[in-house]
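Below is one structure, written out as structure tokens; the observations come after it.
Numbering (the numbering used here), first residue to last: 14 to 246.
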């Protein structure tokens, strides 16, 4: 079942250590088949160099295992919450990448300081509120998803495909698992750039709004000029 999506999700997971986004088993990628209402996700605690497409776990949107012999990622409920809240996304990634996690642990959002950020994320990548004690003691992974969704009542998840969970780390998403991984790598890189820039100039201001708009719209707007047609790729 879902042979192609299993391969895609497995490869996306294997890309995390290749891109320097995870150590050990500190991350996971999932993908969704919207027509069937099924999600494919990395199994919990399995080393990346051991992963195969057959190891991927298939679950329904309630978290019930449909196919797979292993336990799904412990972050499953967070992924499912995002799929249900953001209907246009097709893949979700969670990592503990160093610089993005540093911003999350500091409890601050990541402003758009330059055009690299502006090319991919429209404005600040937000940081969530701190989870309440009752949420931590309760259905923790679900409440992590809920607090992300709550944060995006004032953000567009399609224009800002990532978030910093306070005291925890980054989650990113995209139209596919591969795009979600791409966004995770970009988030880590712009967080690194921002950290270095702030060390050089602690008083620097975010990018001008017109420059933010220019760079985002030339890649994502209705009259985007970046790249070439699919026939030339």
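Glycine residues also receive a C-beta, built at the ideal position from the N, C-alpha and C atoms.
query, result
"Euclidean distance between Cα positions of residue 113 and residue 124", "12 Å"
"Sequence-distant residues of its chain with Cβ nearer than 7 Å to residue 167 (five each side left out)", "none"
"Cut-off 8 Å between Cβ atoms - residues of its own chain near residue 61, not counting five sequence neighbours on either side", "26, 27, 29, 30, 35 and 38"
"Beta-bridge pairing of residue 51 - partner residues as DSSP gives them", "46 and 73"
"Assigned exposure category for residue 87 - 16 Cβ within 10 Å defines buried", "exposed"
"C-alpha distance - residue 181 paired with residue 43, whole-angstrom precision", "19 Å"
"Through-space distance from residue 132 to residue 212, alpha-carbon basis", "23 Å"
"Entirely enclosed beta strand (DSSP E) segments - the stretch 160-188, minimum 3 residues", "175-178 and 182-187"
"For residue 220 and residue 18, the rounded distance between their alpha carbons", "38 Å"
"Backbone secondary structure at residue 104 - three-state DSSP", "strand"
"Whether residue 185 touches residue 171 by CB criterion (7 Å)", "no"
"Same chain, Cβ closer than 6 Å to residue 116, five either side skipped, listed in chain order", "123, 177 and 204"
"Neighbourhood of residue 246 by C-beta, 6 Å cutoff - its chain only, sequence neighbours within 5 removed", "For residue 246, the predicted structure reports a pLDDT of 39, less than 50, and the residue's modelled location is therefore unreliable. A value from the coordinates is still provided. Once the five neighbours on either side are set aside, residue 246 has no close Cβ partner at all."
"Beta-carbon contacts of residue 210 that lie in its chain and below 7 Å, excluding the five residues immediately before and after", "126 and 217"
"Residue 233 to residue 56 span [Cα, whole Å]", "33 Å"
"Helix, strand or coil at residue 56 [DSSP, three-state]", "strand"
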